[in-house]
Structures are given as C-alpha cells and as structure tokens.
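Data first, discussion second: the structure below is written as structure tokens.
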Amino acid sequence: METMQISWLSLVIWLPIIGGLVVLAVGNEPTRVRWTSLAFAILTFIISLPLIFQFNSDTTAMQFVENYVWSRDLGIGYHLGVDGFSMPFIVLTTFVTILVVIAGWEIIKDRPNQYFAAFLILEGLMNGIFASVDGILFYIFFEAMLIPMFLIIGVWGGPGRITAALKFFLYTFLGSIFLLVALIYLYLQSGNFNILGFQNLEIAESTQKWLFFAFLAGFAVKVPMFPVHTWLPSAHVEAPTGGSVILAAITLKIGGYGFVRFMLPIAPLGAAYFAWLVVALSVIAILYIALVALVQRDMKKMIAYSSISHMGFVTLAFILPVAMLGGGDLDPEAMQMALQGGMMQMISHGLVSAGMFLCIGVLYDRIHSREIADYGGVINAMPVFGAFFIFFAMANSGLPGTSGFIGEFWTILASFHYSVYIALLVALSLILSAAYNLWLTKRVILGDIVHDHVRQMKDINGREWFMLGSLAILVILLGVWPEPIANLMQTTIDGLLVHLTAQF
C-alpha cells in the first residue's frame with residue numbers, strides 16, 4: 001500500500017490564505033480576530049518545520065515537489081518545490097508572521113480583521129513565490145502580493161500612506177513587466193514555463209544581455225538597489241509596524257532570491273558582462289546610503305536606509321561569482337564564500353531588521369513619535385527595552401558574535417578575490433554602519449531623560465518580551481553557530497557554481 005504524501009508546500013501557501021478569509025468572516029470583535037489570526041500563523045509555522053527536518057541537504061534536486069498540469073498546450077503547471085535557496089525563506093516568513101500578529105495585538109483597533117487577514121494572505125503569497133518552480137505561477141504570486149501590501153500601507157499607514165502605497169505599487173509593478181517579457185521569451189524558446197528548464201537552455205550571449213536587464217529591472221526594485229530605492233524609505237515611514245517588519249524581513253529578500261533563481265543560472269554570460277554595473281551600484285548603495293542614514297532625524301527612515309545599505313552586500317555577493325568567472329578567476333572557494341555570504345546576509349537581515357523595526361514600534365506605541373529628538377535617556381525608564389535596543393543596534397552594525405557579522409564578513413572576504421579596492425570600500429561601510437547605529441543609540445537610549453513623556457514610559461510587557469527575545473536568541477544563535485543553516489544551503493550553492501562554471 002502506497003504511503004500518502006503530505007503536500008507541505010501547498011499547506012504553507014494556502015493555509016494562511018484560507019486563514020485570512022476565515023479572519024475576515026469572524027467579524028471585528030478584537031479578541032476573536034486576534035486569537036484566530038494567531039492560531040493560523042502558529043499552525044502555518046508548525047507546518048513549515050518539516051521543510052527543515054525532512055530536508056535532504058545532500059542533493060541539488062527540488063524537494064517536496066508537487067506538479068499538476070494546468071494547461072498542457074501552454075506548458076503551465078502548478079509546480080512547487082524547494083531547495084537550499086528557497087526553503088529557509090519560507091520558514092523565516094512563517095516565523096516573522098507570528099511576530100507581526102503579536103505586534104499588532106493591542107495596537108490595531110481600526111478594522112482589525114482586515115488588517116490581520118491582509119498579513120495572513122500576504123504570508124501565503126510570499127511562500128508561493130519561494131516555492132514556485134513554474135515561471136507563470138511565480139509571476140502570479142509575485143504580482144498578487146502587491147495587493148495586500150498596498151492595502152497594509154495605504155489603509156493602516158501614516159499621514160502620507162496613500163502616496164507611499166502608490167509609489168511602492170507602481171515601482172514594483174513596472175519592474176515586473178520586464179520580468180514577464182523575459183518569461184514569455186524563455187517560454188517561446190523552451191515550450192514551457194519550467195524555471196529549472198530555463199536554466200538548461202542554450203542562449204546566445206547577446207540575448208543573455210537583454211535577459212539580464214529584464215531580470216535586473218524586475219528584481220532590483222524589490223531589493224531595492226540604487227537608484228530604484230526611493231520607494232522604500234517612504235513605505236517604511238508610513239507603514240504600520242507590522243508592515244515595516246514584513247517589508248524589511250521578507251519582501252526585500254524576494255529581490256535577492258530572484259538573483260540566484262533567475263539571473264545567475266539563466267543569464268550568466270549577460271550577468272558577467274554587466275557585473276561591473278551591479279558591483280558599482282552595490283558599492284554605491286553600501287556606502288552612499290549608509291551616509292544618508294547617518295543624517296536622518298526619523299528613526300524608521302534611518303533603519304530603512306540602513307536596510308538598503310545592508311542589501312547592497314547581498315547584490316554584491318551574488319554577482320561576484322560571475323564577475324570572477326568572467327574575468328577568468330576560477331577560485332571555487334571564493335565564489336562559494338560569496339554565495340554563502342549573500343544568503344546568510346539575507347537571513348540575518350531578516351532577523352535584525354525585524355528586531356529594529358519592532359523596537360521602534362514599541363517606542364511609537366507609547367508616545368506616537370518616530371522623531372529621534374523626542375527621545376533621550378529611554379534606558380532610565382525602560383532598562384529591559386534599552387538592553388534589547390542596544391543589542392539589535394549592535395547586530396545591525398555587524399558586531400562579531402551576532403548574525404549581522406557573518407554575511408558581511410564572508411562577502412568582504414570574497415570581494416578581496418575580485419578587487420582589493422572594492423573590498424576596502426565595502427569594509428569602510430562597517431565603520432559607517434557602526435556610526436549611525438551608535439549615534440541613534442546615544443540620542444534615543446542613553447544619557448539623561450530630557451522629556452517628561454520619556455520619564456513616564458513603561459518598560460516592555462510579556463508580549464513585547466516574546467517578540468524581541470525570540471529574535472535576539474536567533475540573532476545570537478546564527479552569529480555563533482551558523483553551520484546548520486550554511487549546511488542546508490551548501491549543496492544547492494555547489495550545484496549553482498557547477499552550472500555557472502560550465503557556462504564559461
């Protein structure tokens with residue numbers, strides 16, 4: 001008798017979407033809405049855990065595969081699967097969604113059922129992006145996630161929420177049009193939309209250059225890379241705390257994921273030809289945007305610019321292997337280190353940025369201001385919170401022993417093999433990162449209390465303890481013991497490097 005196969009990927013995609021519909025149906029009674037939302041978020045996280053424990057890290061093949069034909073004539077299918085690149089982000093998404101629900105527990109009083117439903121539906125759609133093996137399915141999830149995120153910013157955001165939401169939607173939507181054109185071209189060459197099949201096509205270098213720009217347009221906006229980054233600070237500032245957490249922790253990672261799933265394996269020669277451009281834009285993002293962060297007066301805007309700077313490490317890390325191969329440098333250890341660094345940086349940033357935005361949310365919930373000048377000496381009134389804030393600020397600076405150090409360190413080491421000058425410039429950003437994080441900590445947390453409203457602030461409660469404490473544990477764990485996560489990705493990274501080396 002054949003054992004029934006559990007469709008884990010379909011469950012982590014559709015359970016939260018169904019949960020969102022259920023939350024909409026239960027009405028606006030706050031207690032019922034909160035507990036129903038939390039139940040679906042926790043259940044989805046539990047269902048995602050077998051993706052880790054049953055994952056075989058010794059194969060490059062897609063795992064937990066589900067493949068059903070939608071249209072044989074068009075070559076479209078409901079094709080799901082995960083590997084070492086995609087699986088960690090599904091688990092990260094399910095975990096962060098629990099924190100987002102808890103963060104809005106007592107704060108969201110206006111239409112709470114719609115608010116929590118939007119996040120649950122968004123969770124399912126983002127899991128669909130990471131699990132899709134069919135190009136059209138990927139594109140459907142890629143576009144559909146804009147709708148709940150647009151509503152989260154536009155309905156529950158700040159005074160400038162409409163402009164921020166429109167900016168977010170238009171930037172991402174326009175970029176994804178080029179992605180759709182690339183997918184249609186690849187379909188015409190292969191007769192189907194299988195992403196893995198696209199990677200085995202023999203495509204002329206001239207065509208790969210055009211494909212590279214199409215993919216770059218689609219994914220650079222999501223990262224976001226300089227100069228298409230301008231939507232992110234306004235989106236972060238206007239979004240509610242949960243929206244900022246999801247944007248920083250998960251949404252930006254979809255752009256980096258597009259590099260390793262589409263750009264590098266499908267158009268490696270095009271990526272190598274224009275590697276100098278991506279390197280230049282990444283270094284500008286890392287250094288210039290760090291300087292921009294240094295002069296911000298709004299805490300959220302500072303951390304938003306910080307995210308752009310940190311994601312510059314990701315784009316630099318992912319382009320380094322083809323840049324080295326294009327220059328005739330066949331150092332597998334350096335290329336492997338670059339890809340590992342980029343992946344670890346994305347996972348770490350997902351945890352650290354979530355912690356920073358949750359900290360800012362805790363402060364905003366108490367006095368409804370994000371202005372740095374409205375604080376000072378917070379640690380005197382909120383000692384436990386002050387300790388958490390300092391910890392996440394240090395992790396955001398790349399302090400050794402925290403997850404923030406691992407990805408950046410590996411990327412800098414790998415960049416030395418490409419260019420000593422690039423490596424030195426990128427290393428300079430660690431000083432700038434420490435500068436704006438320490439400057440923020442000094443003005444907000446340390447010193448004497450100068451405002452009466454700060455003196456009256458109460459320290460964090462049990463709900464906030466859980467949010468910040470769980471993230472802090474993971475940041476330390478990944479910082480001192482990155483091996484388990486690195487091992488999950490190792491074989492997939494090796495497989496990509498073998499594929500890339502064969503193209504040059």
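Under the numbering used here, the first residue of the sequence shown is numbered 1, with each subsequent residue one higher.
Even glycine gets a Cβ: it sits at the ideal position worked out from N, Cα and C.
Small disclaimer: the values here were computed from a predicted structure and weren't measured.
Exercise for the section: Run through the region 36–72 for me and flag every whole alpha helix (DSSP H) of 4 or more residues, listed as ranges in chain order. Expected result: Note on the region 36–72: whole alpha helix (DSSP H) runs with a minimum of 4 residues are 50–53, in chain order.
Practice task
Could you name the residues that DSSP lists as bridge partners for V80?
Solution key: A small fix is needed here, since residue 80 is Leu in this sequence, not Val. For L80, DSSP records a beta bridge to E66, S132.
Practice task
Counting only runs of 4+ residues fully inside the region 92–162, write out the alpha helix (DSSP H) ranges in chain order.
Solution key: Unbroken alpha helix (DSSP H) runs of no fewer than 4 residues, entirely contained in the region 92–162, are found at 112–131, 135–144, 146–156, following chain order.
Handout entry: For E205, three-class secondary structure by DSSP
Key = In the structure shown, E205 sits in a helix (DSSP, three-state: H, G or I).
Exercise for the section: State the DSSP-derived secondary structure class of D448, mapped to helix, strand or coil. Expected result: Three-state DSSP puts D448 in coil, outside helix and strand.
Practice task
Could you have a look at L500 and say whether DSSP puts it in helix, strand or coil?
Solution key: Residue state, collapsed to three classes: helix.
Practice task
State the beta-bridge partners of N194 as determined by DSSP.
Solution key: DSSP output for N194 lists D134 as bridge partner(s).
Problem - Distance CB(E238)-CB(G158) smaller than 7 Å - result: At the C-beta level, E238 and G158 come within 7 Å of one another.
Practice task
Select from L232, A317, R297, V82 the residue whose C-alpha is nearest the C-alpha of F259.
Solution key: Check the Cα spacing between F259 and each of L232, A317, R297, V82: the tightest is with A317.
Practice task
Measure from the alpha carbon of E205 to the alpha carbon of each residue in Y187, V221, T172, L269, then state which is nearest.
Solution key: Among Y187, V221, T172, L269, the Cα nearest to that of E205 belongs to L269.
Exercise for the section: Please report how far the alpha carbon of G218 lies from the alpha carbon of F226, in whole angstroms. Expected result: Roughly 14 Å separates the two Cα atoms.
Practice task
Determine the direct distance from the alpha carbon of L500 to that of L180, and round the result to whole angstroms.
Solution key: Rounded to the nearest angstrom, the two C-alpha atoms are 24 Å apart.
Problem - Which listed residue (G20, N67, T402, S57) has its alpha carbon closest to that of P484 - result: The closest CA to that of P484, considering only G20, N67, T402, S57, is found on S57.
Handout entry: Beta-carbon proximity list for F85, same chain, < 6 Å, skipping 5 on both sides
Key = Beyond the five residues adjoining it in sequence on each side, F85 comes within less than 6 Å, by CB distance, of V260, T492 in the same chain, given in chain order.
Problem - For D331, the three-state DSSP class (helix, strand or coil) - result: Of the three classes helix, strand and coil, the one that applies to D331 here is coil, per DSSP.
Problem - Own chain partners of Y436 with C-beta closer than 6 Å, once the 5 adjacent residues on each side are dropped - result: Answer for Y436: A293, L294, listed in chain order.
Handout entry: Status (buried if at least 16 other CB within 10 Å, exposed otherwise) for G160
Key = Counting Cβ neighbours within 10 Å, G160 comes out exposed, since fewer than 16 surround it.
Practice task
Return yes when the Cβ of G479 is within less than 7 Å of the Cβ of S403, no when it is not.
Solution key: By the CB criterion at 7 Å, S403 and G479 fall inside the cutoff.
Exercise for the section: Return the first residue and the last residue of the alpha helix (DSSP H) that T241 is part of. Expected result: According to the DSSP assignment, T241 belongs to the alpha helix (DSSP H) that extends over 241–246.
Exercise for the section: Give, in chain order, every unbroken run of the beta strand (DSSP E) that is at least 3 residues long and sits entirely within the region 214–274. Expected result: Within the region 214–274, no run of beta strand (DSSP E) at least 3 residues long lies entirely inside it.
Practice task
Report yes or no: do three or more beta-carbon pairs, one from the region 94–110 and one from the region 27–41, lie closer than 8 Å?
Solution key: When C-beta atoms of the region 94–110 are compared with those of the region 27–41, three or more pairs fall below 8 Å, so the two segments count as touching.
Practice task
Using DSSP bridges, identify the partner residues of D298.
Solution key: In DSSP, D298 forms a bridge with E371.
Handout entry: Per-residue DSSP class, three states only, for S7
Key = In the three-state DSSP reduction, S7 falls in the coil class, being neither helix nor strand.
Exercise for the section: Would you identify the three-state DSSP class for Q199, choosing helix, strand or coil? Expected result: Coil, per DSSP.
Exercise for the section: Grab the span of the alpha helix (DSSP H) containing M467 for me, first residue to last. Expected result: Unbroken alpha helix (DSSP H) run through M467: 462–480.
Exercise for the section: Compute the beta-carbon to beta-carbon distance between R51 and V96, rounded to the nearest angstrom, for a pair I have assumed lies under 8 Å. Expected result: The sequence given here has Leu at residue 51, not Arg. Rounded to whole angstroms, the Cβ separation of L51 and V96 is 15 Å, and the two are not in contact under 8 Å.
Exercise for the section: Excluding the 5 residues preceding and the 5 following Q506 in the sequence, name in chain order all residues of the same chain whose CB lies nearer than 6 Å to its CB. Expected result: The displayed coordinates of the chain run from 1 to 504. Any statement about residue 506 would go beyond what the structure contains.
Handout entry: Among G191, D365, T441, M149, nearest to G75 - alpha-carbon criterion
Key = Residue G191 is the option with its Cα nearest to G75.
Exercise for the section: Using 10 angstroms around the beta-carbon of W35, count the other beta-carbons present and answer buried if the total reaches 16, otherwise exposed. Expected result: By the 10 Å Cβ count, W35 comes out exposed.
Problem - Straight-line gap, V426 to F53 (C-alpha atoms, nearest Å) - result: Taking the straight line joining both Cα atoms gives about 36 Å.
Practice task
Could you tell me the boundaries of the alpha helix (DSSP H) in which M394 lies?
Solution key: Annotation: the continuous alpha helix (DSSP H) that includes M394 extends over 383–396.
Exercise for the section: Kindly list the residues whose CB is nearer than 7 Å to the CB of A323, restricted to its own chain and excluding five residues on each side of it in sequence; keep chain order. Expected result: Around A323: A272, A275, V279, Y418.
Handout entry: Exposure label - H368; buried when at least 16 CB within 10 Å
Key = Under this definition H368 is an exposed residue.
Handout entry: Residue range of the unbroken alpha helix (DSSP H) whose run includes G407
Key = Note, G407: alpha helix (DSSP H), 403–418.
Practice task
Assign F357 to buried or exposed, taking buried as 16 or more other Cβ atoms, counted over all protein chains shown, within 10 Å of its Cβ.
Solution key: F357 is buried by the Cβ-count criterion.
Practice task
Taking the CB atoms as reference points, tell me whether A248 and S307 lie closer together than 7 Å.
Solution key: It is a contact, given that the beta carbons lie within the stated cut-off.
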